[in-house]
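Numbering (the working numbering), first residue to last: 152 to 502.
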């Protein structure tokens, strides 16, 4: 994977989804089961149009169908050939590092070496009480479990002791990966401490750019590269994840995406005290200074190319499904992203 800021044209273009519960062409809300089957079809199309990565998020809420991304990704692995498959993100704080490693090593075997994992704390807290964890332990849970997972990635017997799970004594975890090293990232929403932690443990950095311009995340990309250098580590990849939608024209993309963006924003906003979403706020986010990559292939390609130049990222993941946008529109968005946006981004970056 490219880690040289001077070689932007080889940037990887990927997709992320949380398995949002969607509607059909007639406006009927789909079942979670049908939504999951649609996610697998979306991964297959992403592979067919030559995209680099397909990520599925973990959530435990009624708005999202996927609580076990690895199972969905395994189904996608059986029907795809080249695309890398991973998460967006795996909530390590409320999971067991040994089980996470075992599941992804298994996915790596099923996919013939195409598995990746993006670890994070998640933007929701439902998994903590669901699996018996205290939110007062928010920081120590992630730090200890990340330390253990990092040891497991070496694929050698591990002796470890912490406060959040039973100790391990010369524990050898199976299966191993054929490559000997599972590709892994840490998802970061904007905390300098999290950026330094990713560098310290030797993970790729995945920046969740979900509000405002990409330029405000440049200090985090610089901090990560500087931290790697100071720690004596080799260069590691940086990625970014942002919401978006592609259609044949800007106006069509805006009209198709708005209801889904509004529904998701207002659902979460009622819990977090946000003001109601508006078309004006939406148009700000899809503009040059916003974090939403919504528009025609040319518009989206130019905005992605600008973000790649600004941050020097190795991968751009479009979070292509937001809210209730129907499956047929999502499939068209994936098709345009792979066949028109991706080649145009590389053309713009190579000039």
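Don't be surprised by glycine CBs; every beta carbon is placed ideally from N, CA and C.
Just so it is clear, the structure is predicted and the values come from calculations on it, not from any experiment.
Query, Result
"On a CA-only basis, which of 485, 494, 185 and 212 is nearest residue 167? Give me that one, please.", "485"
"Name, in chain order, the residues that DSSP records as bridge partners for residue 311.", "319"
"What does DSSP give as the partner residues of residue 444 in its beta bridges?", "395"
"How long is the line joining the alpha carbons of residue 475 and residue 312, rounded to whole angstroms?", "44 Å"
"Could you pull the start and end residues of the beta strand (DSSP E) that residue 164 belongs to?", "163-168"
"Closer than 8 Å by C-beta to residue 346: which residues in its own chain qualify, once you throw out the five before and the five after it? Chain order, please.", "339, 356, 371, 374, 375 and 378"
"Just reading off the alpha helix (DSSP H) that residue 480 is part of, what are its end residues?", "478-487"
"If you draw a straight line from the alpha carbon of residue 362 to that of residue 398, how long is it in whole angstroms?", "21 Å"
"If residue 404 and residue 446 are in contact, beta carbons under 8 Å, what's the gap, nearest whole angstrom?", "5 Å"
"Within the continuous alpha helix (DSSP H) that includes residue 296, where are the two ends?", "289-303"
"I'd like the span of the beta strand (DSSP E) that includes residue 335, first residue to last.", "335-339"
"Out of 316, 261, 502 and 160, which has the shortest C-alpha to C-alpha gap to residue 327?", "261"
"Pull up the distance between the alpha-carbon of residue 416 and that of residue 428, whole angstroms please.", "6 Å"
"Whose C-beta lies closer than 6 Å to the C-beta of residue 244 among residues of the same chain, with five residues either side of it excluded?", "272, 292 and 293"
"Counting beta carbon pairs with one atom in the stretch 278-286 and one in the stretch 250-270, are three or more of them shorter than 8 Å?", "no"
"With which residues is residue 237 paired in a DSSP beta bridge?", "206"
"For the beta strand (DSSP E) holding residue 358, just list the boundary residues, first then last.", "355-359"
"Between which residues of its own chain and residue 295 is the CB-CB distance below 6 Å, once the five residues before and five after are set aside?", "313 and 315"
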